[in-house]
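Counted from 1, the sequence shown has number 59 at position 10 by our numbering; the numbering is strictly sequential.
For reference, the structure is listed below as structure tokens.
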Amino acid sequence: MLIPCFACESRFQPDEYFLACHDYNRGMDLVAWTCPSCGNRDDLRVLPGALGFGYPRRGRFDVQDRFQVPGLRRQRQDLRLDISLNHEAWCVPTRLRQLV
Ligand SMILES: [Zn+2]
């Protein structure tokens, strides 16, 4: 399956997509993602079986749209988010500046 960028509509293999996640915000439960193709930056929430897209509102993140990714799993850690799909796994670290 392929996961799209909603800005430029490029589509990515899961490995390429999740490697482009680069900052886990544990407080908001969001990962930052920068499109390898167009450079658009988006925040998204990794959910069981889906990616959630939406908007921050009153200090929370409201998921408005979900993109189904069957088999997607996530595990919240102190300083990173572990993501797995089928037999692949990725780790999105929390940038330390967020702790200061
Ligand atoms: Zn893009």
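Backbone N, C-alpha and C define an ideal beta-carbon position, used for all residues, glycine too.
Check                                                                        : Outcome
The beta strand (DSSP E) enclosing L68, as first and last residue numbers    : That residue, L68, is in no beta strand (DSSP E); its alpha helix (DSSP H) goes P63 to L68.
Collapsed DSSP secondary structure at L121 in the structure displayed        : strand
Beta-carbon gap between F61 and F102 smaller than 8 Å                        : no
Pair within 8 Å by beta-carbon distance, A81 and D92                         : yes
Assumed close pair R75, R144 - CB separation to whole angstroms, cut-off 8 Å : Contact flag wrong, Cβ pair sits at about 11 Å.
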